[in-house]
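Participant:
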Amino acid sequence: MSDVILTDIKKKPLSFTLPVVGAAGAFAGLFVGTAQGSGLLGIVIGGLLLAAIAYLVIEVLNHTQERKAKYGILALFLLAGYLFGGLPGLVVGGLFGWFFSWFVYWVGEGRYRAKLPPYLTSGQVLWHFSFRVLCGAIFVFLITPILVVMPLSFNAENFFTFTPEMLHFDPAGYSLRHYRNFFNSNEWQSALKNSLMIAPAATILSVSFGTLAAIGLSQPHVPFRRAIMAILISPMIVPLIISAAGMYFFYSRIGLQGTYLGVILAHAALGIPFVIITVTATLVGFDRSLTRAAANMGANPVTTFFRVQMPLILPGVISGGLFAFITSFDEVVVVLFVGSANQQTLPWQMFTGLREQISPTILAVATILVGVSICLLTVVEILRRRSERLRGMSPG
Amino acid sequence: MNFTKTLLATTALTVVAGGAFAQEMANSMTIVSWGGAYQNSQQKAYSEPYVAMHPEVSVTWDESSNEAVAKLRAMNEAGNITWDLVDVVAADAIRLCDEGLAMEYDPEELLAPGDDGSSAADDFGDLIVSDCYIPQIVYSTTFGYRTDMVPEGVEPPSQICDVFDLDKYPGKRALEKRPINNMEWALLCDGVAKDEVYDVLETAAGQDQALAKLDTIKDSVIWWSAGADTPQLLADGEVFMGSTYNGRLYSVIEEQNQPVAMMWDAQVFDLDGWIIPTGLPEDRLARVKDFVKYATDTKRLADQANYISYGPARASSAPLVPEDMKQHMPTDPANAENTFLYNYSFWADYRDDIDAKFQSWLAQ
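This is the structure we're talking about:
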């Protein structure tokens, strides 16, 4: 539908274009002005400047000269940015110029209405776009802290600081030393080894127990299904610190505290709820007559499970397993209690490192972990789509 | 009859002798410390040479000294002591000793005599502030400031009262989020004589006076709680000056080459050292004792000063500290013109009250 023009567009009156573009300019000016020391001045200059540009481009040049005018605006912002802030200013100016060269025409020529139904009132049109801006703002709010970490991890200094060299895109301000430090330091490597040992083991346990529990609990004849389900899912709901303290005292008594087995069991308990929930969800779409058909043809329950049921619920099992893996891989509270220094995992190492010595190695590790998490979530999403397609729930 | 007696006696003797001479030592140790540059210096000076001598020993470091008191309590309750040796500040050691969580020891038996022939008790002297405490180093809490943020035409700050002078030295300050040290400094800069500080601080009026003085800079204070905070804030240029441990500042200045300088005036000395948890099994205790005897001898303590600018706790180690490190030591005469010693007995008695007052003042 992207190319369909639903509403005829026409040029907007200046009394509309100038205030709207001016307001957008004032908003941008607020940020630039604050960064330069005076927010108020920034608002005024930004508003006036953009209103003037809009007048010039829409009224004087009109849309026949659109391409030239756009390049003109871009060049203007690039130059202004460069004069104000050197190389970093150039980049910021370029972004602003690119946006406003499009925005001025989008508003001034009334193009924003093109893809909306003609019967919408202006209030509805306004809401349509503010909704999108709001969603975008929330997205930015959520993702920025993670994005800020990534360039900082290439810091050449030993602090969490954007040095002047980094802001000037000077290669000397960047280095891979924190990544090297991660791969060369014994502490980090043993933490990585521990994490890579504990997380898969805990995942295998949670997947086996979680899948069996989900299949059992989906049988209609099992008594107290809801109660059992609630208990199995409780590690997800009970505050982690409470589970952790309880596990600490219990595991100490039976000699599991400070052992790998103890940490693996604790993490498996945390991972089981994820597996139960995802597998139960896939079982909803599972046709029970298939197991009866298999039994009818002489397959015993174990064969039926592995040959018939398992392949069909596999996507749920795998995505549950991935969640269990990430839970264990990211977990810090329980391992602080149940583990001892020998079982120090990556999150534990990051936690103590962050408190005792704020070293950007933590950021390097965080960046790597974010990468790993993104890969895992992509796999989950692909599996989910595949499972929907197989069950005919989406056209794929 | 006689024969049986003799047999019994010899058996008993063999058992005793065996126990005394070939005492079983555990081959792994978990040592708890603070992480960072400090733990690094301990590894270089103590555990690495020790493991080189005893290759069968494996040492695990746990960076949990911050919550050592709470964790030792939990371990004691759970009856499962997983730590063998714990590095704590003196105030924590006194608490742990009072609660019976740290083991009392005999300096002459556990510690090696000094290289200069003095007995261990004399060599450590007054620094053994508790029967459970094996001191390692003397450190100080003092101020550092950004040299590039000193206003033009003004002398760089050098007195403790410069911290309270916002007119002359505008900018943010980093102070520790607890009353200890801050209250003393505030009174000192409010006209109280140094030897009267604790007399004044005993009274409610004196505490209010200290808080009123802190109130004058409250809006410009960023409160820190971990030793790494102030170095980060200084490196960021977020603060103009800030208090932290002198070794952290040394690392910022000498190793990270940040534009930061020391301000030694009214630095507060404190101790850091080992405690051995109570309730260790025989073999682990034997190993820890062997390690402690080695790690706290004159040479090892002096060697630690090669890696961090904290003063060794033994008098006999002082002459062995390398020359270029001496100027960074808090105990160097040039730096120690005006100093405090952390007043353990005062803060043991008044900490809870003043803490409550301080926290409610912070929240105002």
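Just so you know, the protein sequences line up as chains A and B, in that order.
Using our numbering, you'd call the opening residue of the first sequence number -15 and step up by one each time.
Using our numbering, you'd call the opening residue of the second sequence number 286 and step up by one each time.
The beta-carbon is built from N, C-alpha and C at its ideal position, and this holds for glycine as well.
As the structure is a computational prediction, the values presented were derived from the model and not from experiment.
Per DSSP, which residues does Gly191/A bridge with? Please list them.
Facilitator: Counted from its first residue, the first sequence places residue 191/A at position 207. It should be pointed out that residue 191/A corresponds to Val in this sequence rather than to Gly. Its beta-bridge partners do not exist; DSSP assigns none.
Participant: Is the region 177 to 196 of chain A touching the region 250 to 264 of chain A in the sense that three or more CB pairs, one from each, lie closer than 8 angstroms?
Facilitator: Result yes; three or more Cβ-Cβ pairs closer than 8 angstroms.
Participant: Arg161/A versus chain B: which residues are under 7 angstroms apart at the beta carbon?
Facilitator: Along the first sequence, one-based indexing puts residue 161/A at 177. By Cβ distance, chain B contributes nothing, its closest Cβ being about 13 angstroms from Arg161/A, past 7 angstroms.
Participant: Give me the chain A residues within the contact set of Asn365/B, using Cβ-Cβ distance strictly less than 7 angstroms, ordered along the chain.
Facilitator: The residue labelled residue 365/B in the question sits at position 80 within the second sequence. Residues of chain A passing the Cβ test: Ser236 and Gln241.
Participant: Within 10 angstroms of the Cβ of Leu(-10)/A, are there 16 or more other Cβ atoms? Answer buried if so, exposed if not.
Facilitator: On the first sequence, position 6 is the one that residue -10/A refers to. Exposed, since its Cβ has fewer than 16 Cβ neighbours within 10 Å.
Participant: If I measure Cβ to Cβ from Glu149/A and keep anything under 6 angstroms in the same chain, skipping five residues before and after, which residues do I get?
Facilitator: Here residue 149/A is taken as the residue at index 165 of the first sequence, counted from 1. Excluding sequence neighbours, Glu149/A sits near Ala156 and Gly157.
Participant: Which bits of chain A does Thr315/B rub up against, with CB to CB less than 7 angstroms?
Facilitator: For this step, residue 315/B is matched to residue 30 along the second sequence. Those within 7 angstroms of Thr315/B in chain A are Ser324 and Ala325.
Participant: Check this for me: beta carbons of Ile302/A and Leu367/A, under 8 angstroms apart or not?
Facilitator: Taking the first sequence and counting its residues from 1, the one referred to as residue 302/A is at position 318. Taking the first sequence and counting its residues from 1, the one referred to as residue 367/A is at position 383. Going by C-beta atoms, Ile302/A is nearer than 8 angstroms to Leu367/A.
Participant: Is there a Cβ of chain A sitting closer than 8 angstroms to that of Gln494/B, yes or no?
Facilitator: Walking along the second sequence from the start, residue 494/B turns up at place 209. Not one chain A Cβ lies under 8 angstroms of Gln494/B.
Participant: Can you tell me which residues form a DSSP beta bridge with Asp372/B?
Facilitator: Counted from its first residue, the second sequence places residue 372/B at position 87. Partner(s): Trp559/B.
Participant: Could you work out which residues of chain A lie near Phe345/B, taking near to mean beta carbons separated by less than 7 angstroms?
Facilitator: Taking the first residue of the second sequence as 1, we reach residue 345/B at position 60. Here residue 345/B is Thr; the residue named in the question, Phe, does not match the sequence. Chain A residues near Thr345/B: Ala325 and Asn326.
Participant: Starting from Asn251/B, find everything on chain A with Cβ-Cβ shorter than 9 angstroms and list it in chain order.
Facilitator: Absent from the structure is residue 251/B, since the part of chain B shown begins at 286 and ends at 649.
Participant: By the criterion of Cβ-Cβ separation under 8 angstroms, what are the contact partners of Tyr66/A in chain B?
Facilitator: As a working note, residue 66/A is residue 82 in the first sequence. The premise fails here: Tyr66/A is roughly 25 angstroms from chain B at the closest Cβ pair, so nothing lies under 8 angstroms.
Participant: Quick one: Cα of Val268/A to Cα of Leu360/A, how far?
Facilitator: As a working note, residue 268/A is residue 284 in the first sequence. As a working note, residue 360/A is residue 376 in the first sequence. Between Val268/A and Leu360/A, the C-alpha separation is close to 24 angstroms.
Participant: Can you say whether His205/A is buried or exposed, counting buried as having 16 or more other CB atoms within 10 angstroms of its CB?
Facilitator: Against the first sequence, residue 205/A aligns to sequence position 221. Burial call: exposed.
Participant: In terms of residue numbering, what span does the beta strand (DSSP E) encompassing Met272/B cover?
Facilitator: Nothing in the structure corresponds to residue 272/B, since chain B is present only between 286 and 649.
Participant: Determine whether the beta carbon atoms of Ala325/A and Phe166/A lie at a separation below 8 angstroms.
Facilitator: As a first step, residue 325/A is located in the first sequence; it is residue number 341 there, counting from the start. As a first step, residue 166/A is located in the first sequence; it is residue number 182 there, counting from the start. In this structure, Phe166/A does not lie closer than 8 angstroms to Ala325/A by Cβ.
Participant: Which residues, in order along the region 504 to 518 of chain B, keep a beta-carbon less than 8 angstroms from a beta-carbon of chain A?
Facilitator: If the cut-off is 8 angstroms between Cβ atoms, the region 504 to 518 of chain B has Ala511, Gly512, Ala513, Asp514, Pro516 and Gln517 near chain A.
Participant: Excluding five sequence neighbours on each side, which residues of the same chain lie with their C-beta closer than 6 angstroms to the C-beta of Arg209/A?
Facilitator: For the purposes of this step, residue 209/A is taken as the residue at position 225 of the first sequence. Taken in chain order, the residues that qualify are Leu201.
Participant: Verify the CB distance criterion: does Val133/A have a CB-CB separation below 8 angstroms to chain B?
Facilitator: Translated into the one-based positions of the first sequence, residue 133/A becomes position 149. Chain B contact via Cβ: absent.
Participant: Can you give me the start and stop residues for the alpha helix (DSSP H) that Met134/A sits inside?
Facilitator: The sequence position of residue 134/A within the first sequence is 150, counting from 1. That run of the alpha helix (DSSP H) goes Ser106 to Leu136.
Participant: List the residues of chain A whose Cβ lies closer than 9 angstroms to the Cβ of Ala359/B, in chain order.
Facilitator: The residue given as residue 359/B occupies position 74 in the second sequence. Near Ala359/B (Cβ distances below 9 angstroms), the residues of chain A are Ala229, Tyr232, Phe233, Ser236 and Phe321.
Participant: Return no unless some Cβ of chain A is closer than 8 angstroms to the Cβ of Glu539/B.
Facilitator: Looking up residue 539/B in the second sequence gives position 254. Not one chain A Cβ lies under 8 angstroms of Glu539/B.
Participant: Exposed or buried, Lys652/B, counting other C-beta atoms within 10 Å across all chains shown (16 or more means buried)?
Facilitator: In the structure as shown, chain B begins at 286 and stops at 649. Residue 652/B is therefore absent and cannot be evaluated.
Participant: In whole angstroms, what is the alpha-carbon distance linking Asn531/B and Ala598/B?
Facilitator: Against the second sequence, residue 531/B aligns to sequence position 246. Against the second sequence, residue 598/B aligns to sequence position 313. If you take the alpha carbons of Asn531/B and Ala598/B, they lie about 16 angstroms apart.
Participant: So, do the region 519 to 530 of chain B and the region 414 to 432 of chain B have three or more beta carbon pairs nearer to each other than 8 angstroms?
Facilitator: The answer is yes - the region 414 to 432 of chain B touches the region 519 to 530 of chain B, with three or more Cβ pairs under 8 angstroms.
Participant: Just the C-alpha distance for Ile538/B and Ile221/A, rounded to the nearest angstrom, thanks.
Facilitator: Translated into the one-based positions of the second sequence, residue 538/B becomes position 253. Translated into the one-based positions of the first sequence, residue 221/A becomes position 237. Distance between the alpha carbons of Ile538/B and Ile221/A: 47 angstroms.
Participant: Determine the extent of the beta strand (DSSP E) in which Tyr424/B is found, giving its start and end residues.
Facilitator: Here residue 424/B corresponds to residue number 139 of the second sequence, with the count starting at 1. Start and end: Ile419 to Arg431.
Participant: Compare the C-beta of Asp521/B against all C-beta atoms of chain A and say whether one is closer than 8 angstroms.
Facilitator: Counting from one through the second sequence, the residue named residue 521/B turns up at place 236. Interface residue, yes.
Participant: So if I threshold CB-CB distances at 8 angstroms, which residues from the region 128 to 157 of chain A count as touching chain B?
Facilitator: Answer in chain order: Glu141, Asn142, Phe143, Phe144 and Thr145.
Participant: I believe Gly6/A touches Leu34/A by the beta-carbon criterion, under 8 angstroms. Please report the beta-carbon distance rounded to the nearest angstrom.
Facilitator: Indexing the first sequence from 1 puts residue 6/A at position 22. Indexing the first sequence from 1 puts residue 34/A at position 50. Confirmed, about 6 angstroms.
Participant: Under 7 angstroms Cβ-Cβ, which residues of chain A neighbour Glu348/B?
Facilitator: Here the question's residue 348/B lines up with position 63 in the second sequence. Within 7 angstroms Cβ-Cβ: Thr336 and Glu340.
Participant: Under a three-way DSSP split, which group does Ala478/B fall into?
Facilitator: Stepping through the second sequence from its first residue, residue 478/B is reached at position 193. Three-state result, Ala478/B: coil.
Participant: Does the beta-carbon of Ser588/B have 16 or more other beta-carbons within 10 angstroms, so that it is buried, or is it exposed?
Facilitator: Taking the first residue of the second sequence as position 1, residue 588/B is located at position 303. Looking at the sequence itself, residue 588/B is Asp, so the reference to Ser does not match. Asp588/B is buried by the Cβ-count criterion.
Participant: State the DSSP-derived secondary structure class of Ala390/A, mapped to helix, strand or coil.
Facilitator: An answer regarding residue 390/A cannot be provided, because it is not within the stretch -15 to 380 covered by chain A.
Participant: Mind checking if Trp319/B is an interface residue toward chain A, Cβ cutoff 8 angstroms exclusive?
Facilitator: Walking along the second sequence from the start, residue 319/B turns up at place 34. Chain A, which has a Cβ nearer than 8 angstroms to the Cβ of Trp319/B, makes this yes.
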